[in-house]
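Going down the list, the sequences are from chains A and B. The first sequence maps to residues 1253 to 1748 in our numbering. The second sequence maps to residues 91 to 578 in our numbering. Data block below; observations after.
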Amino acid sequence: MSVAAHLPALQVALPLIAAPLCSLLRRPGVAWGFATLVSWVVLVIAALLLAQVLSEGTLIYEMGGWAAPWGIIYEVDTINAFMLLIVAAIGAIVTPYARHTVTAEVPAEQHNLFYAAWLLCLTGLLGIAITGDAFNVFVFLEISSLSSYVLIAASNDRRALTAAYQYLVLGTIGATFYLIGVGLIYMMTGTLNISDMAERLPDVANTRPIRAAAGFITVGIALKFALFPLHLWLPNAYTYAPSAVSAFLAATATKVSIYVLLRFEFVVFGVDIGIANFHFSEFLMPLCVLAFLAGSTVAIFQNDVKRLLAYSSVAQIGYMVLGVSFYSLDGMTAGIVHLFNHAMIKSALFMVMGCIMLRVGSVQIKDLHGIGRHMPWTMFAFVLGGLSLIGVPLTVGFISKWYLILGALEEGGYGFAIAAAVLISSLLSVIYIWRVVEVAYFKPSPHGAAEITEAPLGMLIPTWLLIGANIYFGVQTDLTVGVARQAAALLLGIDL
Amino acid sequence: MSPEDQILWAVALPLIGAVGIVLAAKQPNLREAVTLVTASLLFVDVWTLAPSVLAGARPAVDAFEVIPGASLNFVVEPLGMTFACVASLLWIVNSVYSIGYMRGNKEHKQTRFYVCFAIALASTMGVAFAGNLITLFIFYEALTLCTYPLVTHKGTEDAMQSGRTYLGILISTSIGLQLLAIIWTWNATGNMAFVAGGFLAGNIEGPEVGLLLFLYMFGIGKAALMPIHRWLPAAMVAPTPVSALLHAVAVVKAGVFSVVKVIVYVFGVDYLAGEPSGQWLLYVAGFTIIVASVIALRQDNLKRRLAYSTVSQLSYVVLAAAILSPLSVIGAALHIAAHAFGKITLFFAAGSIYTAAHKDRISQLDGIGRRMPWTMGAFAVGAVSMIGLPPTAGFLSKWYMLLGALETQQMVAVGVIVASTLLNAAYFLPIVYQAFFKTEATDGNPGTEHGEAPWPIVVALCSTATLTVLLFLFPGPALELARQLAGG
Chain A
1253 MSVAAHLPAL QVALPLIAAP LCSLLRRPGV AWGFATLVSW VVLVIAALLL AQVLSEGTLI
1313 YEMGGWAAPW GIIYEVDTIN AFMLLIVAAI GAIVTPYARH TVTAEVPAEQ HNLFYAAWLL
1373 CLTGLLGIAI TGDAFNVFVF LEISSLSSYV LIAASNDRRA LTAAYQYLVL GTIGATFYLI
1433 GVGLIYMMTG TLNISDMAER LPDVANTRPI RAAAGFITVG IALKFALFPL HLWLPNAYTY
1493 APSAVSAFLA ATATKVSIYV LLRFEFVVFG VDIGIANFHF SEFLMPLCVL AFLAGSTVAI
1553 FQNDVKRLLA YSSVAQIGYM VLGVSFYSLD GMTAGIVHLF NHAMIKSALF MVMGCIMLRV
1613 GSVQIKDLHG IGRHMPWTMF AFVLGGLSLI GVPLTVGFIS KWYLILGALE EGGYGFAIAA
1673 AVLISSLLSV IYIWRVVEVA YFKPSPHGAA EITEAPLGML IPTWLLIGAN IYFGVQTDLT
1733 VGVARQAAAL LLGIDL
Chain B
91 MSPEDQILWA VALPLIGAVG IVLAAKQPNL REAVTLVTAS LLFVDVWTLA PSVLAGARPA
151 VDAFEVIPGA SLNFVVEPLG MTFACVASLL WIVNSVYSIG YMRGNKEHKQ TRFYVCFAIA
211 LASTMGVAFA GNLITLFIFY EALTLCTYPL VTHKGTEDAM QSGRTYLGIL ISTSIGLQLL
271 AIIWTWNATG NMAFVAGGFL AGNIEGPEVG LLLFLYMFGI GKAALMPIHR WLPAAMVAPT
331 PVSALLHAVA VVKAGVFSVV KVIVYVFGVD YLAGEPSGQW LLYVAGFTII VASVIALRQD
391 NLKRRLAYST VSQLSYVVLA AAILSPLSVI GAALHIAAHA FGKITLFFAA GSIYTAAHKD
451 RISQLDGIGR RMPWTMGAFA VGAVSMIGLP PTAGFLSKWY MLLGALETQQ MVAVGVIVAS
511 TLLNAAYFLP IVYQAFFKTE ATDGNPGTEH GEAPWPIVVA LCSTATLTVL LFLFPGPALE
571 LARQLAGG
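See the structure below:
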């Protein structure tokens, strides 16, 4: 068999093996270089996999040659190939960026361990996306979670420890709920293979354990992707984590969890079964609306820009799940394409904050007076990223918003109210983005600011790559919307 | 060069000019030369497009897909042609004026000023030639964003406060209402391209028409219908060349231009005339005309009075479109041009007075006509055009609006036009009278000696005053374009 046939295994195995090797590299620069190299190879594999899936259809890879349902299989279809690409692409851009900020924010003797945890986190996220086995999802969920607790706590800022601890407690509850749910399904169907579960579930759909399983899994996963009001761990974690970690996790961790939700709600529990008249959208939709209204409102009152962006993430997660909860092609497309688009927007904005943290030593709004003059490239990146977050045309944010509103309007009646709520939330985002822009450009810089210089190229180039992607995919939507549409059709069981 | 290329160049030229201005930042003379050359090239590009459009051609070009199913699409139709011609012509005049003003007042950050100005013109061209709603929306938003740094140019707390009002109102209305209206239209009809006679008929009926019209009319915040007009007076904190070209011509005209486009090409005049739920617009526009005029009457700050006059004049265009008769649509199209020439002259005069005499209140203007005869002469011409008397362009547009109102028996509209004409006279003529016939209050202060403003300023304002008269004397091409618009 050629290497191409083993791509699904390599996608996960490569960073998994690289992680312990990385911990052996004592020189900080070498550990970083190694992690960067691995992240790039991972991206190449993800791109090849997506190309393969788009041309040949769903790939099934049997781990160790054991056929399902006895062995673990990796099942790559349009939607998880897309997820793999998101995670790998963000990894490949943020890892090279990380060097300067990690040097500044993480003690030097821990760099090898930091990058090892980094690669493990990447492994976990990729694994969740690629595997076709429900228990295996739990394993990778734990790998990514445990390593992200470490990554968050690695910061010099002591508040990061409490933030990591809070995340650990809530994350564990979420994972446990998920495991309970999977256990219940296993009890009823006797299988852990996701496709198998989907096949056998209709026979036992109307039983109490399955209903309980659906509840446990939905709530557990919602905790993981921080759906309002289960978002409490997120603002602290993103605020106090090292800058590179915020940029990486904000773009990937929550997205992958939303993918798991999609997989379970649409493939396992199925659209048609409608277990005992249970539609998760009925209770998720109002939560989503609350999420983006509350998230955006709270973001306005933040003085720490990283925390502001974190609350904005709470709101954006609301958009993604809202799109999904419409159960329609346009709505689902909006939700899935926003997974990709928001990853690019938020990662770019957190990277800008990393640049500012490095040079100014703070991301409080009051410390950003006149920063636009000292760091013109960095701040202009923030302006463009902010416009994308708001959803100005020709940026990715606009594409997401367009489909989301289209999806809402298709619902008729109450859809109008939801569309209006989405637009109100966009306006709130204008306010919180503009608070930063206004201070940075139109306030005089304080004394002593003269020494502040532009961020190093090693950080600016990755940041601008993502900003460029925000514009490029805002204009060239064939790949993103096209793939998202295919994935949406797949999940809804519609033939395009 | 084919007409299709010319369309793309009209958007690209100012953008290339903006890059040139950045590159020439260190040498002010070269930088200003870049602005002037760009403006001249744009003028040639746009005006050579006009003859074929007059002859009935409708050149169109697709750039790329913005969202699947809808492209960035440009189509030159009569109204857009008029708007582009006016804006590109006035950019040259305004650039000459800007050079005199910015240097005369030693303004800071002049490079940023000229760059934003060039980008604003590129956006204006995009609005003028937009072939569908999404293209119009994109350039409409771009115009808001690139004029924001011009409004906050001074960097003072006051300027920033005004900038917040400006951006807040324009962005919230466009994202909150206009975008919703566009997506609704797309969802209901599957179409976004402007079609002569409109394309809503048969897709949206009854009270929903009124609601959609509401979303469009208040979503196009740049048309400054009350109560969303407040951004316009706030924008007056900007340097005068910005108020003159952008907040009397490009930005506000982009607003009423979009209003006319939506009414003529999306709803369709006949369709809207048959829908009772869409009739409220006439009253809102009439209300805005009268109330803004009354507010203008009470302003002592010259630029603020001009701003409220603009709010009122913009609603003339909306009113003319809302009368929904072919004659009044001709009036609307003509008024876009006529008001542009007149109001830019008035703003130029205000800036000229500020530069030469450092005065910005009307109560200070006694006898200033003797010191600044050219400026105040031009001001008088602009004022006459605002009132709508011959021999100025304002007469023409008002004439057609009245004809249209009489034809459709809209007596409310006739009353509004007559009453507002009197109000216009009441707030403009006293200024002219003061300037020429009252004696200057010297307070025994000898330090107030001054003459005319720098020559670029005087040249600019005299040429726009001349244009106001010329448009009255030779209305042929403008009238023909307006007829083509109204004729479908």
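Every residue, glycine too, gets a C-beta built ideally from N, C-alpha and C. On a predicted model such as this, the values are computed, not experimentally measured, just so you know.
Spatial distance of residue i from residue j (CA atoms)
{"i": "Leu1742(A)", "j": "Leu1709(A)", "result": "42 angstroms"}
{"i": "Val1688(A)", "j": "Ile1437(A)", "result": "48 angstroms"}
{"i": "Val90(B)", "j": "Phe1592(A)", "result": "What the structure shows of chain B is the stretch from 91 to 578, and residue 90(B) is not part of that stretch, so it cannot be assessed."}
{"i": "Thr1705(A)", "j": "Val1604(A)", "result": "14 angstroms"}
{"i": "Ile228(B)", "j": "Leu1646(A)", "result": "8 angstroms"}
{"i": "Pro544(B)", "j": "Phe1694(A)", "result": "30 angstroms"}
{"i": "Gly1638(A)", "j": "Lys1598(A)", "result": "9 angstroms"}
{"i": "Leu563(B)", "j": "Ala555(B)", "result": "13 angstroms"}
{"i": "Trp370(B)", "j": "Pro1628(A)", "result": "48 angstroms"}
{"i": "Gly1426(A)", "j": "Val1471(A)", "result": "7 angstroms"}
{"i": "Gly1643(A)", "j": "Ser1678(A)", "result": "7 angstroms"}
{"i": "Ser1291(A)", "j": "Glu1357(A)", "result": "21 angstroms"}
{"i": "Met462(B)", "j": "Pro168(B)", "result": "39 angstroms"}
Residue i at chain A interface by Cβ criterion, 8 angstroms
{"i": "Met462(B)", "result": "no"}
{"i": "Asn277(B)", "result": "yes"}
{"i": "Gly245(B)", "result": "yes"}
{"i": "Ile97(B)", "result": "no"}
{"i": "Phe526(B)", "result": "no"}
{"i": "Met250(B)", "result": "yes"}
{"i": "Trp321(B)", "result": "no"}
{"i": "Leu269(B)", "result": "yes"}
{"i": "Leu571(B)", "result": "no"}
{"i": "Thr237(B)", "result": "no"}
{"i": "Ser402(B)", "result": "no"}
{"i": "Leu113(B)", "result": "no"}
{"i": "Ile434(B)", "result": "no"}
Residue from the options with nearest C-alpha to residue i
{"i": "Ile318(B)", "options": "Ile458(B), Leu404(B), Val176(B), Phe219(B)", "result": "Leu404(B)"}
{"i": "Pro1698(A)", "options": "Phe1650(A), Ser1652(A), Asp1747(A), Asp1619(A)", "result": "Asp1619(A)"}
{"i": "Met1439(A)", "options": "Glu1690(A), Ala1464(A), Leu1337(A)", "result": "Ala1464(A)"}
{"i": "Ala1320(A)", "options": "Pro1260(A), Arg1279(A), Leu1444(A)", "result": "Leu1444(A)"}
{"i": "Thr1504(A)", "options": "Pro1481(A), Tyr1417(A), Leu1718(A), Met1596(A)", "result": "Met1596(A)"}
{"i": "Ala473(B)", "options": "Gly505(B), Val559(B), Gln500(B)", "result": "Val559(B)"}
{"i": "Met326(B)", "options": "Ile507(B), Asn163(B), Phe437(B)", "result": "Phe437(B)"}
{"i": "Ala1586(A)", "options": "Ile1569(A), Gly1659(A), Ile1623(A)", "result": "Gly1659(A)"}
Delimiting residues of the beta strand (DSSP E) encompassing residue i
{"i": "Phe151(B)", "result": "Per the sequence shown, the amino acid found at residue 151(B) is Val instead of Phe. Segment 150-157, the beta strand (DSSP E) holding Val151(B)."}
{"i": "Ile1312(A)", "result": "1311-1314"}
{"i": "Asn163(B)", "result": "160-165"}
{"i": "Val1328(A)", "result": "1325-1328"}
Residue-level contact to chain B via CB, residue i, 8 angstroms cutoff
{"i": "Ile1723(A)", "result": "no"}
{"i": "Ile1719(A)", "result": "no"}
{"i": "Val1682(A)", "result": "yes"}
{"i": "Leu1675(A)", "result": "yes"}
{"i": "Ser1548(A)", "result": "no"}
{"i": "Pro1645(A)", "result": "yes"}
{"i": "Val1671(A)", "result": "Per the sequence shown, the amino acid found at residue 1671(A) is Ala instead of Val. Chain B, which has a Cβ nearer than 8 angstroms to the Cβ of Ala1671(A), makes this yes."}
{"i": "Glu1690(A)", "result": "yes"}
{"i": "Trp1686(A)", "result": "yes"}
N- and C-terminal bounds of the alpha helix (DSSP H) containing residue i
{"i": "Ile452(B)", "result": "Careful: Ile452(B) lies outside any alpha helix (DSSP H) and carries neither H nor E."}
{"i": "Ser1254(A)", "result": "Note, Ser1254(A): premise wrong, no alpha helix (DSSP H); not H, not E."}
{"i": "Val339(B)", "result": "That residue, Val339(B), is in no alpha helix (DSSP H); it is neither H nor E in DSSP."}
Contact set between residue i and chain D, taken where Cβ atoms lie within less than 9 angstroms
{"i": "Trp545(B)", "result": "Note that chain D does not occur in the displayed structure, where the protein chains are A and B."}
- Query: What residues from the stretch 1617-1639 of chain A come within 8 angstroms of chain B, judged by C-beta to C-beta, listed N to C?
  - Reply: Leu1639
Taking Cβ-Cβ distances below 8 angstroms as the criterion, which residues of the stretch 133-163 of chain B are in contact with chain A?
-> From the stretch 133-163 of chain B, only Phe154, Glu155, Val156, Ile157, Pro158 have a Cβ closer than 8 angstroms to chain A.
message: Can you pull out the residues from the stretch 292-317 of chain B whose beta carbon lies closer than 7 angstroms to at least one beta carbon of chain A?
response: none
- Residues from the stretch 210-229 of chain B in contact with chain A, defined by Cβ distance under 7 angstroms: Phe227, Ile228
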